[in-house]
Amino acid sequence: MNREIIVSPDEAGVRVDSFLAERLLGMSRSAVQRAMASGEICFLDGRAIAKNYTTRPGDCFVAEFSEPEEIEAVPEDIPLDVVFEDASLIVVNKPRGMVVHPAPGHADGTLVNALLFHCKDSLSGIGGAIRPGIVHRLDKDTSGLLIAAKNDQAHQSLSDQLRDRTIDRIYEAVAIGRIGQDEGMIDKPIGRHTEDRKRMSVAAKVSRDAVTRYMVLARYPDYTHVRCQLETGRTHQIRVHLSSIGHPLLGDLVYGRKRPERGLSGQCLHARTVAFDHPVSGERITLTSELPAYFRDVLARLGPAEVIAE
51 MNREIIVSPD EAGVRVDSFL AERLLGMSRS AVQRAMASGE ICFLDGRAIA KNYTTRPGDC
111 FVAEFSEPEE IEAVPEDIPL DVVFEDASLI VVNKPRGMVV HPAPGHADGT LVNALLFHCK
171 DSLSGIGGAI RPGIVHRLDK DTSGLLIAAK NDQAHQSLSD QLRDRTIDRI YEAVAIGRIG
231 QDEGMIDKPI GRHTEDRKRM SVAAKVSRDA VTRYMVLARY PDYTHVRCQL ETGRTHQIRV
291 HLSSIGHPLL GDLVYGRKRP ERGLSGQCLH ARTVAFDHPV SGERITLTSE LPAYFRDVLA
351 RLGPAEVIAE
């Protein structure tokens, strides 16, 4: 890796190790500190960076070190629930518990392994060898609709739509507690947690805007069935936002209660609807998947429902 990193005005005033860990995804603060101490990360002019340095607008840092070898993704004959497919893209209904792409600890059995077998050589290369075709991601325990591109043109078009916020992504979730308002908007920037790099936070020192709209579908004695629409697509956005208002997702052991509940170890969250403009025809494509069996079973065990909306 040989990369220059410039501090923008809205990124100034934070500890440099936190800032660099946010910009160099995959690096912890301690790893950044070690790289600064060894000189692998320094000011552009070669000066060393003190670990307690506070960023200033226009600061320029350079990172020079070898990147770890990526895990090779190989085709695997894994069944896929294909919702839509043509020459440009494929939309699949990802099951709960499936990792999207290979990573340490999950070298195989992922959605990418299945896509490589199903699509053969027809996946875009923009995501690199480890994430071919992947336009957006879902967490391991989040089920539902995911788009993959079959060529670079389609990938670029879909990525542009994500950036411009013209792709509609609607989820359903079960939150702990009874959400009082029937509808609402959570507008809280999200960034990497300053102490736990695997978590995101609305109190991060370096963050990006994040907006989630929600609608209550039904209230139960101790839970709420809620529909969420993403206006932005930050990591763990729905999980972090609902937790920030005191209603973490049922089963979420990271942002909610620390033990399994109602038989769930992993968030009760389903990507139910996605809508986008087709990269070639321009036609608006809207796709919806039914709630999976695990989600319906959870609802059936929550007690009497006060239905608010369909």
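For the sequence shown, my numbering gives the first residue as 51, with consecutive numbering after it.
Every residue gets a Cβ at the ideal spot worked out from N, C-alpha and C, and that includes glycine.
Remember, it's a predicted structure, so these values are computed and weren't measured experimentally.
Residue j beta carbon less than 7 Å from that of residue i
i    : j    : result
K200 : V149 : no
K238 : S294 : yes
E281 : V266 : no
V185 : L208 : yes
S138 : P298 : no
D202 : I180 : no
V304 : I240 : no
F134 : I55  : no
T105 : A153 : no
A198 : I140 : yes
L196 : V132 : no
P107 : P59  : yes
D232 : I91  : no
Bridge partner(s) assigned by DSSP for residue i
i    : result
K144 : G194
H156 : A153
T338 : T323
R269 : T274 and E356
M250 : R242
M86  : For M86, which the question treats as bridged, DSSP gives no partner whatsoever.
F345 : Per DSSP, none; premise fails for F345.
Nearest-angstrom Cβ-Cβ length linking residue i and residue j, presumed shorter than 8 Å
i    : j    : result
Q287 : D218 : Not confirmed; about 15 Å, so no contact.
R53  : A113 : 5 Å
Y270 : I226 : Actually they are not in contact, since the Cβ atoms of Y270 and I226 sit about 10 Å apart, beyond 8 Å.
G296 : Q317 : Actually they do not touch by this definition, with Cβ atoms about 16 Å apart.
H243 : M250 : 6 Å
S174 : P182 : 7 Å
H275 : L349 : 6 Å
A343 : A268 : Between A268 and A343 the Cβ distance is about 18 Å, and since that is not below 8 Å, they are no contact.
E222 : H320 : 5 Å
Practice prompt. Scan the stretch 284-331 and note each continuous alpha helix (DSSP H) run of 4 residues or more that stays entirely inside, going in chain order.
Written response: 287-294
Worksheet item: Is it true that the stretch 97-115 meets the stretch 68-88, where meeting means three or more beta-carbon pairs spaced less than 8 Å apart?
Response: yes
Discussion item. Suppose only complete runs of 4+ residues qualify. What are the alpha helix (DSSP H) ranges in the stretch 195-222, listed by chain order?
Written reply: 202-214
Discussion item. Between the stretch 122-129 and the stretch 316-326, can you find at least three pairs of beta-carbon atoms closer than 8 Å?
Written reply: no
Worksheet item: At a cut of 8 Å, does the stretch 302-310 reach the stretch 334-342 through at least three beta carbon pairs?
Response: no
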